[in-house]
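Step one of this worksheet: look at the structure below.
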Amino acid sequence: MKRKRKPTHAQAPAKVVTLEFDDNRLARDLFGAEDRHLKSLEHRLGIDIGVRGANVRIRGCETDVETGERILSHLYGLLKKGLPILDSDIERALRSLAGDRHADLESLFAESLSLPAQKRTIVPRSQGQKAYLEAIRSNDIVFAIGPAGTGKSYLAVAMAVVALLRKEFDRIVLARPAVEAGEKLGYLPGDLQEKVNPYLRPLFDALYDMMEVERVQELIAEDVIEIAPLAFMRGRTLHRAFVILDEAQNCSYTQMKMCLTRLGADSKIVVNGDVTQIDLPQGQDSGLQTAWRILEGCPGIAFHRFTEADVVRHPLVAEIVKAYQKDEDAHA
1 MKRKRKPTHA
11 QAPAKVVTLE
21 FDDNRLARDL
31 FGAEDRHLKS
41 LEHRLGIDIG
51 VRGANVRIRG
61 CETDVETGER
71 ILSHLYGLLK
81 KGLPILDSDI
91 ERALRSLAGD
101 RHADLESLFA
111 ESLSLPAQKR
121 TIVPRSQGQK
131 AYLEAIRSND
141 IVFAIGPAGT
151 GKSYLAVAMA
161 VVALLRKEFD
171 RIVLARPAVE
181 AGEKLGYLPG
191 DLQEKVNPYL
201 RPLFDALYDM
211 MEVERVQELI
221 AEDVIEIAPL
231 AFMRGRTLHR
241 AFVILDEAQN
251 CSYTQMKMCL
261 TRLGADSKIV
271 VNGDVTQIDL
281 PQGQDSGLQT
291 AWRILEGCPG
301 IAFHRFTEAD
311 VVRHPLVAEI
321 VKAYQKDEDA
331 HA
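Heads up: the sequence shown runs through residues 1 to 332, numbered per my numbering.
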């Protein structure tokens, strides 16, 4: 593997470190397809990385070499525990260490969610995601605001599925307001349920990613998992239920109040939304923003705010979010 070295720290004394990995298969996963994980480290840190079999040789400025060594050793340890490595994990580890060279990388990935049926583990990919999971564990009501791609809905669904499998709750209720995002609901084909299904599709996708499709369909048929428009919750009290209200920025004041007052004994509600993507009619306040203002500081209710640093989709998503936010701030 031969590449150009980034010309940073040109005058700093060079340090050379060799890392030896004892499992060829895991080493290949660590290096990434066509060594893209190593290339990312080289580009970001300005170091040279040479590969021979399952071993790597790192050369460059002492501080950057030590950072690269620490990240590779840590990620290899995660692989040995059976945890997957994403392309974005390199970037997230670098961000954590950029803020604090002594940041505890182990704790960043410690709050994992095991899904035995899928033989996989879901791991928080940022400090923000880790704090979000801790908030859900510790509180009966959690509000989360953040941009697209931060895992708000996905992690909440994962928490709900794991809690259901552990019999901590009797059912999962997933709700979304059926608000038109620039398209007309009435023009969609089919009956009411068929019209609202496209709005609920992301919740189905998350469930299918965590459980077998047949099992999800069985639990839906048995009403153990309910996926419905928010309006269907009116007049109900939900006991021993894990409730997730997704896309809550499109709730009205009345809808949000109605949802929060459905909370029954031994239940939990997670409310997610992105306040930069409000599709309510002009002049109508978002129930999510209003609830945040009214309820902030209430005991038993947690408030969590994600930033672009928590985006776990393609790395470009974080840059897109940042660029749009900059433009909106400039024209506010």
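Heads up, the beta-carbon is just placed ideally off N, CA and C, and yes, glycines get one too. Quick caveat: nothing in here was measured; it's all calculated off a predicted structure.
When DSSP builds the beta bridges, which residues end up paired with residue i?
i, result
"residue 17", "58"
"residue 226", "173"
"residue 122", "113"
"residue 301", "141"
Helix, strand or coil, according to DSSP, for residue i in the structure here?
i, result
"residue 283", "coil"
"residue 306", "coil"
"residue 128", "helix"
"residue 293", "helix"
"residue 142", "strand"
"residue 182", "Per-residue confidence for residue 182 stands at a pLDDT of 40, beneath the threshold of 50, marking its modelled position as unreliable; the derived number appears in the next sentence. Residue state, collapsed to three classes: coil."
"residue 317", "helix"
"residue 147", "coil"
"residue 168", "coil"
"residue 43", "helix"
"residue 37", "helix"
The alpha helix (DSSP H) with residue i in it runs from where to where?
i, result
"residue 52", "That residue, residue 52, is in no alpha helix (DSSP H); its beta strand (DSSP E) goes 48-52."
"residue 31", "24-31"
"residue 156", "152-165"
Keeping to the same chain, check which residues put their C-beta closer than 8 Å to that of residue i; ignore five residues upstream and five downstream.
i, result
"residue 289", "249, 275"
"residue 239", "170, 264, 265, 266, 267"
"residue 138", "302"
"residue 284", "252"
Below 6 Å CB to CB, which residues in the same chain sit around residue i once its five sequence neighbours on both sides are set aside?
i, result
"residue 203", "174, 227"
"residue 94", "44"
"residue 164", "172"
"residue 246", "153, 176, 272"
"residue 224", "171"
"residue 329", "none"
"residue 15", "62, 65"
"residue 71", "93"
"residue 24", "54"
Enumerate in chain order the residues of its own chain whose CB-to-CB distance from residue i is below 7 Å, with the five nearest sequence positions on each side excluded.
i, result
"residue 133", "111, 124, 155, 159"
"residue 55", "18, 19, 20, 21"
"residue 76", "21, 26, 30"
"residue 149", "311, 312, 313, 317"
"residue 300", "139, 140, 141"
"residue 129", "151, 155, 310"
"residue 85", "29, 30, 75, 78, 79"
"residue 333", "Given a span of 1 to 332 for the chain in the structure shown, any question on residue 333 remains unanswerable."
Item to check | Ordered list of beta strand (DSSP E) runs contained in the stretch 59-100, each at least 3 residues | outcome: Within the stretch 59-100, not a single complete beta strand (DSSP E) segment reaches 3 residues in length.
Item to check | Minimum length 3: unbroken beta strand (DSSP E) runs contained in the stretch 208-284 | outcome: Secondary structure in the stretch 208-284: the beta strand (DSSP E) runs of 3 residues or longer, each lying completely within the stretch, are 225-229, 241-245, 268-273 in chain order.
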